[in-house]
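Enquirer:
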Amino acid sequence: RRERALLWCVLVAAWEAAWGQLRYSVPEEVPKGSFVGDVAKDLGLELPALRHRGVRVLNTGRTQYFVLDLQNGHLSTKERVDREEICAAVAKCALNFEILVKNPMKLYRGEVEILDINDNSPTFPVRNSVLEISEYTAPGTRFPLEKAQDPDIGMNSLQNYECSESSYFSLDVKNGDDGVTYPELILVKSLDREQQATHNLILTATDRGSPVKSGSTTIQIIVLDGNDNAPEFTQPVYRVTVREDVVVGSRVLQVTATDRDEGPNAEVKYSFFKIPEKFDKTFKLDPESGEIEITEKLNFEEQEFYELDVQARDAGGLSSHSKVLIKVSDVNNHVPEIVIMSVFSPVPEDTPLGTVVAIFNVQDRDSGANGEVRCSIAEGLPFRLERSFDNYYSVVTAEELDREEVPEYNVTVRAADGGSPALWSSAVLALRVLDVNDNAPVFAEARYSARLPENNAAGALVLTVRAADADWGQNARVRYRLSEGRVRGAPLSSYLFTLDSVTGDVKVTGPLDYEEGKYYEATVEGKDGGGLSAHAKVHIDVLDENDNAPTL
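Under mature numbering (1 follows the signal peptide of the UniProt record, and there is no 0), the residues of the sequence shown are numbered -20 to -1, 1 to 532, in order.
#1: Helix or strand or just coil, what does DSSP make of Ile66?
#2: Can you find at least 3 beta carbon pairs, one from the stretch 244 to 251 and one from the stretch 282 to 298, that sit closer than 8 Å?
#3: Rounded to a whole number of angstroms, what is the C-alpha to C-alpha distance between Asn436 and Lys498?
#4: Relative to the alpha-carbon of Glu93, which residue among Pro332, Phe46 and Lys193 has its alpha-carbon at the smallest distance?
#5: Given this structure, state the Cα-to-Cα distance separating Ser502 from Leu462, to the nearest angstrom.
#6: Alpha carbon to alpha carbon, what distance is there between Gly195 and Arg367?
#7: How many Å lie between Arg231 and Tyr218 at the Cα?
#8: Would you kindly report the start and end of the unbroken beta strand (DSSP E) that includes Lys507?
#9: Where do the N-terminal and C-terminal ends of the beta strand (DSSP E) with Glu91 fall, by residue?
#10: Going by other Cβ atoms of all chains shown within 10 Å of its Cβ, with 16 needed for buried, is Val386 buried or exposed?
#11: Can you look up Gln175 in the DSSP assignment and give me helix, strand or coil?
#12: So Asp260 is in the alpha helix (DSSP H); what residue range does that whole segment cover?
#13: Go to Asp22, then tell me how far its alpha helix (DSSP H) extends in each direction, as first and last residue.
#14: In three-state terms, what does DSSP make of Asn350?
#15: So which of Ala395, Asn341, Val192 and Ile166 has the shortest CA-CA distance to Ser406?
#16: For the stretch 108 to 124 and the stretch 66 to 75, state whether three or more C-beta atom pairs, one from each stretch, are separated by less than 8 Å.
#17: For the structure I just gave you, are there three or more beta carbon pairs, one from the stretch 45 to 61 and one from the stretch 4 to 16, closer than 8 Å?
#18: Terminal residues of the continuous beta strand (DSSP E) containing Phe46?
#19: What does a CB cutoff of less than 7 Å around Asn350 pick up in its chain, not counting 5 residues either side in sequence?
#20: Taking the Cβ atom as the reference point for each residue, do Ala420 and Ala514 lie within a distance shorter than 8 Å?
#21: Where does Pro28 sit, in a helix, a strand or coil, going by DSSP?
#22: Could you compute how far the alpha carbon of Cys355 sits from the alpha carbon of Val81?
#23: May I ask you to report which of helix, strand or coil DSSP gives Asn98?
#24: Verify whether the separation of the beta carbon atoms of Glu212 and Ile97 is less than 8 Å.
#25: Are the stretch 377 to 384 and the stretch 297 to 311 in contact at 8 Å, needing three or more beta carbon pairs?
#26: Select from Val19, Leu2, Met85 and Asp22 the residue whose C-alpha is nearest the C-alpha of Phe323.
#27: If we ignore side chains and look at the alpha-carbon of each, how far apart do Pro11 and Arg60 end up?
#28: What residues match up with Phe104 in a beta bridge as DSSP calls it?
#29: According to DSSP, simplified to helix, strand and coil, what is Asn455?
#30: For the beta strand (DSSP E) that contains Asp485, what are its first and last residues?
#31: Going by DSSP in three states, Gly195 sits in which element: helix, strand or coil?
#32: Using the three-state DSSP reduction, which class does Ser136 fall into: helix, strand or coil?
#33: Put Ala246 into one of helix, strand or coil per three-state DSSP.
#34: Taking the alpha-carbon positions, what's the Arg(-17) to Asp132 distance?
#35: Apply the 10 Å Cβ neighbour rule to Phe285 and answer buried if 16 or more other Cβ atoms are within range, or exposed otherwise.
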């Protein structure tokens, strides 16, 4: 089996990327690390870009069966995949995966179909069974037999039953309402206990895989003496529909059978006839009244249809059978689940419109309208929702962001289903806006003036210039310098004045002389950490003092 699986492990059925969708297929049971598909090639990505663009397989909280190798771009199995364990009897077993590519951000959805191989033989619950039949049973009477189970699908699943040859019995194979094949034994000739008290038959179930696999069980038929009439049900099939939220212990329906005999031979006992073990845990049949009640909570999403075989048996050993078909109706009992896949925060305030800032997944385990989910966010925000796939949403920018106006957003995502009343849930996306140097410094005054007497002390503070920047962090840190102003051909900054680059304080380096200069002017530049700048004028008047005697 493993050799055949290895031969198939390089099979890639198809892929299409028109809507970011990848499609692959791989047989079940292939070893861990088996090749599934060349994602890098199919998405048109160069191998170095896989690492630089942050390509990864998203984790949705489910079991991850596949892994992406960033060295070669190949998608491979993370562990052995058993189709029957994952999908049971579902005709098409497909596992979804999501790949996130950043810079620019794009979400790709992939589907890997798990192909069935004939790795299971049909099996019966028991290897030997006993069937008791009265010798007075009329020819043509049918006796349902226990079904075989084969978890494979299609031609690899159970296809037919065969019975060893007998002059008293024949085998009829029927398809039930649930699509399952049922074997029934038909009495074709009257029995005579005195001639033959027991009959032994071999029932064989086969599939049509390659190679064909089969399983068998032995049926021992014991012929009973006396008791002319078997119980008869009032209906060959009982049908009922129940809600999945029905209370445990509730009565579903009552089956009834009558027996035309008298005395002990007319006393009828009811029982389930060879039903699956999980069904036997869900329902209980009262052997006296024939009432069927629920013994554990129903779940429409796990099982929406039950077919039960019921047997009525009298004290003389004669029995008859009827079917009970129970259909479970869906109830809106699951709240939508929001799974945040990625949040790209902080978001630069110059982010272009339409940029994806978050991706989330919504799941609702109900069916029909109860499982249809609509998502929304509050109005008045610079974001909108876009639906990527069936249950994936992206939060994208719808308006320009301005950190100076709103530095962060708490975006509440609300998911409501289509039930009545609707169930809903919410999640909060914390998005911080990243500062961009889009604001130049602004001086408090366009022109700063001061008056200072001559002969002042060295280091005296003349005035302080101030510039503010609406940006944040490094972009808001302003540094000052004297950009213009000269005295006798020398820069003002090296002649008489100094400007502190951090505080903006303008000080004198020595005493001023009114007779040498009555005033001084210069231009001050304020530049932020991002390179944007502003300018202001500085005018300083020197006041005269009587520090010179008259001369002839």
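Note that the Cβ used here is the ideal one computed from N, Cα and C, for glycine as well.
Expert: Let's see:
#1: On the sequence shown, residue 66 is found 86 positions in, with the first residue counted as 1. Note: Ile66 maps to helix in three-state DSSP.
#2: yes
#3: Numbered from 1 along the sequence shown, position 456 holds the residue referred to as residue 436. Numbered from 1 along the sequence shown, position 518 holds the residue referred to as residue 498. Near 14 Å, if we compare the C-alpha coordinates of Lys498 and Asn436.
#4: Mapped onto the sequence shown, residue 93 falls at position 113. Out of Pro332, Phe46 and Lys193, Phe46 has the C-alpha closest to the C-alpha of Glu93.
#5: By one-based count along the sequence shown, residue 502 stands at place 522. By one-based count along the sequence shown, residue 462 stands at place 482. The question names Ser, but residue 502 in the sequence shown is Ala. Answer to the nearest angstrom: the Cα atoms are 7 Å apart.
#6: Here residue 367 refers to the residue found at position 387 of the sequence shown. Here residue 195 refers to the residue found at position 215 of the sequence shown. For Arg367 and Gly195, the distance between alpha carbons rounds to 49 Å.
#7: Here residue 231 is taken as the residue at index 251 of the sequence shown, counted from 1. Here residue 218 is taken as the residue at index 238 of the sequence shown, counted from 1. Approximately 14 Å between the Cα atoms of the pair.
#8: Along the sequence shown, read from residue 1 onward, the residue named residue 507 stands at position 527. Its beta strand (DSSP E) spans residues Tyr499 to Lys507.
#9: Here residue 91 refers to the residue found at position 111 of the sequence shown. From DSSP, the beta strand (DSSP E) with Glu91 extends over Lys86 to Leu95.
#10: Position 406 of the sequence shown, counted from the first residue, corresponds to residue 386. Result: exposed.
#11: Within the sequence shown, residue 175 is the residue found at index 195, counting from 1. Coil at Gln175, not helix or strand.
#12: Within the sequence shown, the letter at position 280 stands for residue 260. Counting along the chain, the alpha helix (DSSP H) containing Asp260 begins and ends at Glu257 to Thr262.
#13: For the purposes of this step, residue 22 is identified with residue 42 of the sequence shown, where counting begins at 1. It spans Val19 to Leu23 - the alpha helix (DSSP H) in which Asp22 sits, taken as one unbroken run.
#14: Along the sequence shown, read from residue 1 onward, the residue named residue 350 stands at position 370. Asn350: helix per DSSP, three-state reduction.
#15: Here residue 406 corresponds to residue number 426 of the sequence shown, with the count starting at 1. Ranking the options by Cα distance to Ser406, first place goes to Ala395.
#16: no
#17: yes
#18: Walking along the sequence shown from the start, residue 46 turns up at place 66. From DSSP, the beta strand (DSSP E) with Phe46 extends over Phe46 to Leu48.
#19: The count along the sequence shown starts at 1 and reaches residue 350 at position 370. If we look at Asn350 and ignore the five residues flanking it on each side, its Cβ neighbours are Asp310, Asn312, Asp397, Gly398 and Gly399.
#20: Reading the sequence shown from its first residue, position 440 is the one you call residue 420. Reading the sequence shown from its first residue, position 534 is the one you call residue 514. Yes.
#21: What you label residue 28 is simply residue 48 of the sequence shown in a count that begins at 1. Pro28 falls in the helix class under three-state DSSP.
#22: The residue labelled residue 355 in the question sits at position 375 within the sequence shown. The residue labelled residue 81 in the question sits at position 101 within the sequence shown. Using only the alpha carbons, I get a separation of about 24 Å.
#23: Walking along the sequence shown from the start, residue 98 turns up at place 118. In this structure, Asn98 counts as coil in the three-state DSSP scheme.
#24: The count along the sequence shown starts at 1 and reaches residue 212 at position 232. The count along the sequence shown starts at 1 and reaches residue 97 at position 117. No, the Cβ-Cβ distance between Glu212 and Ile97 is not below 8 Å.
#25: no
#26: Residue numbering aside, residue 323 sits at position 343 when the sequence shown is read from its first letter. First, the residue type needs correcting, since residue 323 is Val and not Phe in the sequence shown. Closest by alpha carbon: Met85.
#27: For this step, residue 11 is matched to residue 31 along the sequence shown. For this step, residue 60 is matched to residue 80 along the sequence shown. Those two C-alpha atoms are separated by around 5 Å.
#28: Residue 104 sits at position 124 when you count from the first residue of the sequence shown. Partner(s): none; Phe104 has no beta bridge.
#29: Taking the sequence shown and counting its residues from 1, one reaches residue 455 at position 475. Residue state, collapsed to three classes: helix.
#30: Here the question's residue 485 lines up with position 505 in the sequence shown. First-last of the beta strand (DSSP E) with Asp485: Asp485 to Val488.
#31: For this step, residue 195 is matched to residue 215 along the sequence shown. Gly195: strand per DSSP, three-state reduction.
#32: Start at 1 with the first residue of the sequence shown, and residue 136 comes out as number 156. The sequence as given places Asn at residue 136; Ser does not occur at that position. Here Asn136 sits in helix by DSSP.
#33: Here residue 246 is taken as the residue at index 266 of the sequence shown, counted from 1. Of the three classes helix, strand and coil, the one that applies to Ala246 here is helix, per DSSP.
#34: Reading the sequence shown from its first residue, position 4 is the one you call residue -17. Reading the sequence shown from its first residue, position 152 is the one you call residue 132. Residue placement at Arg(-17) is flagged as unreliable, the pLDDT there being 40, under the threshold of 50; the coordinate-derived value follows with that caveat. Rounded to whole angstroms, Arg(-17) to Asp132 spans 16 Å at the Cα level.
#35: For the purposes of this step, residue 285 is taken as the residue at position 305 of the sequence shown. Exposed, by the Cβ-count rule.
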